[in-house]
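Worksheet: one structure, shown below.
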Amino acid sequence: MSTHAVGIDFRSNAKKALGDASLRASMRHAAETFASKRTGAFASVPVEDWRDRASEIRLNVLDNLPDYLDRFTAAATRAGAVVHRAKDAAAARETVAYLLKDRRVDKVVKSKSMVTEEIHLNDHLEMRGIEVVETDLGEYIIQIAGEAPSHIIVPAIHKNRRQVGKVFSEKLGVEYTDDPVVLTSIARKILRKEFLSAQAGISGANFAVAESGSLVLFTNEGNGRMVTTLPPLHIAVLSIEKIIPKLSDLAALVRLLPRSATGQTLTSYLSIITGTRRPHERTGSKELHIVLVDNGRSQILAGECRDMLKCIRCSACLNVCPVYRTVGGHAYGSTYPGPMGIILTTLLDGMNRAHPLLDATTLCGACNQVCPVKVPLVRLLRILREQRVEAGFTSPWERTAMAAFGFAAKSPTLFTAGQRLWKTFLPVLGIMERSGTVGRLPKPAGKTFRRRMS
Ligand code: SF4
Numbered sequence: 158m159s160t161h162a163v164g165i166d167f168r169s170n171a172k173k174a175l176g177d178a179s180l181r182a183s184m185r186h187a188a189e190t191f192a193s194k195r196t197g198a199f200a201s202v203p204v205e206d207w208r209d210r211a212s213e214i215r216l217n218v219l220d221n222l223p224d225y226l227d228r229f230t231a232a233a234t235r236a237g238a239v240v241h242r243a244k245d246a247a248a249a250r251e252t253v254a255y256l257l258k259d260r261r262v263d264k265v266v267k268s269k270s271m272v273t274e275e276i277h278l279n280d281h282l283e284m285r286g287i288e289v290v291e292t293d294l295g296e297y298i299i300q301i302a303g304e305a306p307s308h309i310i311v312p313a314i315h316k317n318r319r320q321v322g323k324v325f326s327e328k329l330g331v332e333y334t335d336d337p338v339v340l341t342s343i344a345r346k347i348l349r350k351e352f353l354s355a356q357a358g359i360s361g362a363n364f365a366v367a368e369s370g371s372l373v374l375f376t377n378e379g380n381g382r383m384v385t386t387l388p389p390l391h392i393a394v395l396s397i398e399k400i401i402p403k404l405s406d407l408a409a410l411v412r413l414l415p416r417s418a419t420g421q422t423l424t425s426y427l428s429i430i431t432g433t434r435r436p437h438e439r440t441g442s443k444e445l446h447i448v449l450v451d452n453g454r455s456q457i458l459a460g461e462c463r464d465m466l467k468c469i470r471c472s473a474c475l476n477v478c479p480v481y482r483t484v485g486g487h488a489y490g491s492t493y494p495g496p497m498g499i500i501l502t503t504l505l506d507g508m509n510r511a512h513p514l515l516d517a518t519t520l521c522g523a524c525n526q527v528c529p530v531k532v533p534l535v536r537l538l539r540i541l542r543e544q545r546v547e548a549g550f551t552s553p554w555e556r557t558a559m560a561a562f563g564f565a566a567k568s569p570t571l572f573t574a575g576q577r578l579w580k581t582f583l584p585v586l587g588i589m590e591r592s593g594t595v596g597r598l599p600k601p602a603g604k605t606f607r608r609r610m611s
């Protein structure tokens, strides 16, 4: 394996992000707000019991995924939906494009869905002559700005209101304002027309219930309901691990997901969609297609990092991660950022592309502590780091340094000599490189751990 595989250039992306004061201020403010709201939302509930139960549900899903997928397909079909299985991104894109083209659809409205970002659905549909309008406000902002999401639930987290005002005035031709209420009402007016004129709606789903064939959507803006009920055709695109066995399991996840994501005790809109509109019903799509996307997940399920598929995309691990909070989502150069993003991107895209992301972590464990379904993020990061070393993706300098450290660490004499040398030369190196990494390292303790214990 090449030791010089290029991959995502996380280091230069991060350097660029560090030089952007406005980005850093937006990130700090947003992440601190979410993290403190999360703490408040869990203050008086038995959070550990809830996490244990949610973790059990998700592990059961992973243990029986093919069976639950079959059950979901049968139940959704009985309710009037058509279920498609897509083995990879190309198959998923093609399935959606075919459904739309076949029905002569030239405009779709879309609610937020990370898996459609993962498979690059919008670009594909636009290339096929189908206009795609994102209707989640954050997604709409970045769509008209021509950017990618930088957070899995707050896609425009990196922008402040002045930047949003500038995007609106430049791209929509409206008078500049940075008043969030006015900006929202501008978007609402435009999007209302789009909802009414689109011939199809595309959504994701937070969960899919095997026993009833239902799709479950958590949204805060109501756009998910418009997308899934106004147009005659609804296409839901979701990854296979979104399955949960029973509606009663939803209760355990409903109390955790919004609390972990935004610090809300309940999401503003919780929609459960089972099949198409019945004859006596006044709302709902007339045709429902559900595309279950594998795109490498079956392979992940069979491997050492299968627990990553427990993830319910709440974003809590992003909000507490010191790296994510500092550089934001775009630095990761991938659909999924933050601790979960590093792991998922490496598993989905391969080590060759994603290996530099494995440095984007301090392994501090903050992510482990907040994950509502107990994904062992630090353990998975370590496994992938080991695989990176085994695959030869580390630099010769790093390999030499680690080999030298390993050699010295096995000999008490060499180790003690090394500690003394480090203590002597660290202040000198710090003076030489005041603003660099060495200059920021903490001072060594007066007495070493071994001397204190002896
Ligand atoms: S890994 Fe856990 S904390 Fe991170 S997004 Fe997934 S569920 Fe949330």
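By the working numbering, the letter at position 17 of the sequence shown is numbered 174, and the numbering carries on one by one without gaps.
From the three backbone atoms N, C-alpha and C, an ideal C-beta is built for every residue, glycine too.
Given the structure is predicted, the values throughout are model-derived calculations rather than measurements.
Inset, instruction - Could you say if the stretch 263–274 and the stretch 373–391 meet the contact criterion of at least three C-beta pairs nearer than 8 Å? - result: Judged by Cβ distances under 8 Å, the stretch 263–274 makes contact with the stretch 373–391, as three or more pairs qualify.
Inset, instruction - Could you tell me if the beta carbon of Cys478 falls within a distance shorter than 7 Å of some heavy atom in the ligand SF4? - result: Result no, Cβ not under 7 Å from the ligand SF4.
Legend entry - Validate contact between the stretch 515–533 and the stretch 483–503 using beta carbons, cut 8 Å, 3 pairs: Touching, yes, given that three or more Cβ pairs across the two stretches are closer than 8 Å.
Legend entry - Selection from Arg412, Lys323, Leu583 that minimises the alpha carbon distance to Ala211: The shortest C-alpha to C-alpha distance from Ala211 to any of Arg412, Lys323, Leu583 is the one to Arg412.
Legend entry - Those runs of the alpha helix (DSSP H) which lie wholly inside the stretch 218–260 and span at least 4 residues: When DSSP assignments are scanned along the stretch 218–260, the uninterrupted stretches of alpha helix (DSSP H) that are 4 or more residues long and fall wholly within it turn out to be 222–235, 246–259.
Legend entry - Three-state secondary structure assigned by DSSP to Tyr426: In the structure shown, the three-state DSSP call for Tyr426 is strand.
Legend entry - Rounded straight-line distance, which links the Cα of Val204 to that of Gly197: If I take the Cα positions, the gap works out to 12 Å.
Inset, instruction - Under 7 Å Cβ to Cβ from Ala565, same chain only, skipping five residues before and after it: list those, please. - result: Within the same chain, Leu571, Phe572, Gly575 come within 7 Å of Ala565 by CB-CB distance, once the 5 residues on both sides are set aside.
Inset, instruction - Give me the Cα-Cα distance between Leu226 and Ala232, rounded to the nearest whole angstrom. - result: If I take the Cα positions, the gap works out to 10 Å.
Inset, instruction - Using only the heavy atoms of the ligand SF4, determine whether one of them is closer than 7 Å to the beta carbon of Ser396. - result: The answer is no for Ser396.
Inset, instruction - Verify the contact flag: Val527, CB atom, against every heavy atom of the ligand SF4, threshold strictly below 7 Å. - result: Answer for Val527: yes, Cβ within range of the ligand SF4.
Legend entry - Closest residue to Thr386 among Ile400, Leu404, Gly358 (Cα-Cα distance): When only C-alpha atoms are compared, the closest one is Gly358.
Legend entry - Nearest-angstrom Cβ-Cβ length linking Ile429 and Leu504, presumed shorter than 8 Å: Ile429 to Leu504, Cβ: 30 Å. No contact.
Inset, instruction - Find the nearest neighbour of Ile276 within the set Tyr493, Ile401, Ala560, Glu444, judged by alpha-carbon distance. - result: Of the candidates Tyr493, Ile401, Ala560, Glu444, the residue whose Cα lies closest to the Cα of Ile276 is Tyr493.
Inset, instruction - Can you tell me which of the three DSSP states Gly164 falls into? - result: Correct three-state label for Gly164: coil.
Inset, instruction - Only counting runs of 4 or more residues, tell me where the alpha helix (DSSP H) segments fall wholly within the stretch 531–575, in order along the chain. - result: Here the runs fully enclosed are 534–547, 553–566.
Inset, instruction - Could you check if Thr557 is buried or exposed, using at least 16 other CB atoms within 10 Å of its CB as the buried criterion? - result: Flag for Thr557 reads exposed.
Legend entry - Cα-Cα separation, Phe550 to Ala561: So the two alpha carbons sit approximately 18 Å from each other.
Inset, instruction - Return helix, strand or coil for Ser360, following the three-state DSSP convention. - result: Three-state DSSP puts Ser360 in a strand.
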